[in-house]
DNA sequence: GTCTATACTTGGATAGAC
DNA sequence: GTCTATCCAAGTATAGAC
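Protein chains in written order, with this note's numbering: chain P, 44 to 260; chain R, 44 to 260.
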């Protein structure tokens, strides 16, 4: 709460019904992407979930696509805050991967990953929408790149694969794991891979530490 | 040609117009998934591409979803033949990865990967369709697993990650790379990763060979 | 058996009410 | 400024023509 509270440009005293409607529509758009998919996320479907008239989609957002983009932007923002806080709190690479695993599990269970996948797949047919979705996921590539840099910092691994390419692969893997686990109705194989990545990082960390010890002898 | 030629159960001499219609619809469904996306692949859109009456979708396939599944099955079958032949021809792991890279490039350029991604993402909202799509991609997981087994055979790597999980990751990565490269309109980063995988396998192959030599000394 | 014309439903968008 | 009633286009599905 207290996010945008009252105080719109109209300064109306009547509890800012407009921004309440906007927010209800954005929340409903997210739900609809999750449960109806991009194909089923129509103005009617979204408005029904929000409990408002379908016309309000167009009044407040201009088009269904723009409302869906607002939904994706909100999910992206919420999750970026979550991931950022977790990454800042982690002190070792192994900790970082473990905490990322927990948040990824949330992404699967709460449908955030589904929203992202539906928007990317749905936007493929439209160049304009595609470009806007691409702009919204670009920060995630950068975020992944920073996280990877933190993991491989001062490690001989850094030279093996360019971190930009590695970040690209990590984001791609994230998307693919969501798709497979969602269509299979089974998230276990995906989570197992995260656990294995966690172990791999621990092993690499130990190797790097010992090689650094050797170097400084 | 000469695939099912004439000779339907009716035995009609008039060039089997029915199966020609069916094939035109399946081909159009594939095109529509590729260019219109799952959301845009309506009976009308597909029938227009095929140059036939929309009602024929329902006469021949019962529903749009079933026609789309037929399209996916056809793409899957065509590509499995292509991949299988290539894998059989490759004699070394490095060759295998290189040849897989070439076919993956085809998958991106010819839209086969798009068809798969659109169907998986589109099927997410419907449990029935989801299960059918899952059944169609299961053979790909098995195929990936066999290929990975061939690569890591007699290698110490085999013990690091279960091949089933590795196959799951490879398929997920394939799907994610298609999504990212499609939405970005740039396939280069994805192809670069394949090249790097190719180099990695060559390095691992050399390491394994030398360790085997050592073992047998 | 194959296909077309058409009925019916849902979706996108806006003119006008409040 | 906010919202609703309503119009038109597009989608699904089938009854009936050939």
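All C-beta atoms, glycine included, are put in the ideal place defined by N, C-alpha and C.
Could you check what DSSP says for residue i in three-state terms: helix, strand or coil?
| i | result |
| --- | --- |
| residue 223/R | helix |
| residue 178/R | helix |
| residue 173/R | helix |
| residue 167/R | coil |
| residue 59/R | coil |
| residue 260/R | Note that residue 260/R has pLDDT 49, beneath the 50 cutoff, so the model's placement of it is unreliable and the number below is only indicative. It is coil, neither helix nor strand. |
| residue 45/R | Caution is warranted here: a pLDDT of 38 is assigned to residue 45/R, below 50, making its placement in the model unreliable, and the coordinate value is therefore given only provisionally. Reduced to three states, the DSSP call for residue 45/R is coil. |
| residue 64/R | helix |
| residue 160/P | helix |
| residue 50/R | Here the model assigns residue 50/R a pLDDT of 45, short of 50, so the residue's position is not dependable and the matter cannot be decided. |
| residue 184/R | helix |
With a threshold of 16 other CB atoms inside 10 Å of the CB of residue i, please say whether the residue is buried or exposed.
| i | result |
| --- | --- |
| residue 101/R | exposed |
| residue 25/P | In this structure chain P extends from 44 to 260, so residue 25/P is not present and cannot be described. |
| residue 127/P | exposed |
| residue 246/P | exposed |
| residue 120/R | exposed |
| residue 220/P | buried |
| residue 224/P | buried |
| residue 87/R | exposed |
| residue 189/R | exposed |
| residue 161/P | buried |
| residue 227/P | buried |
| residue 51/P | Because residue 51/P sits at a pLDDT of 47, beneath the cut-off of 50, its placement in the model cannot be relied upon, and the point is left open. |
| residue 222/P | buried |
| residue 263/P | Residue 263/P is absent from the model: chain P starts at 44 and stops at 260. |
| residue 98/R | exposed |
| residue 250/P | exposed |
| residue 173/R | buried |
| residue 150/P | buried |
| residue 182/R | exposed |
| residue 75/R | buried |
| residue 232/P | buried |
| residue 93/R | buried |
| residue 260/P | Low per-residue confidence applies at residue 260/P: pLDDT is 49, beneath 50, and the placement is therefore not dependable, though the value from the model is reported in the following sentence. The residue is exposed, with fewer than 16 neighbouring Cβ atoms inside 10 Å. |
| residue 25/R | The structure shown does not extend to residue 25/R, since chain R is modelled only from 44 through 260, so no value can be given for it. |
| residue 68/P | buried |
| residue 112/R | buried |
| residue 105/P | exposed |
| residue 216/P | buried |
| Which runs of the alpha helix (DSSP H) spanning at least 4 residues fall entirely within the stretch 72-157 of chain P, listed in chain order? | 80-83, 86-93, 98-104, 107-132 and 136-153, all fully within the stretch 72-157 of chain P.
| request: Below 7 Å between beta carbons is the criterion; list the residues of the stretch 237-252 of chain R that meet it against any residue of chain P, in chain order. | output: 239
| task | Could you name each continuous alpha helix (DSSP H) segment of 4 residues or more that falls completely within the stretch 188-245 of chain P, going from the start of the chain to the end? | result | 206-227
| request: Check distances from the C-beta atoms of the stretch 138-167 of chain R to those of chain P and list, in chain order, the residues that come in under 7 Å. | output: 157, 160, 161, 163, 164, 165, 166 and 167
| When Cβ atoms are compared, which residues of the stretch 75-101 of chain R fall closer than 8 Å to chain P? | 78, 79, 80, 81, 82 and 83
| query | If contact means a Cβ-Cβ distance below 8 Å, which residues of the stretch 216-233 of chain R contact chain P? | reply | 216, 217, 218, 219, 220, 222, 223, 225, 226, 227, 228, 232 and 233
| field | Where the stretch 114-125 of chain R meets chain P: residues whose CB sits under 7 Å from a CB there | value | none
| Using a beta-carbon distance cut-off of less than 7 Å, what residues from the stretch 178-209 of chain R approach chain P? | 204 and 208
| field | Residues within the stretch 57-73 of chain P neighbouring chain R, beta-carbon criterion of under 7 Å | value | Flagged: no residues at all.
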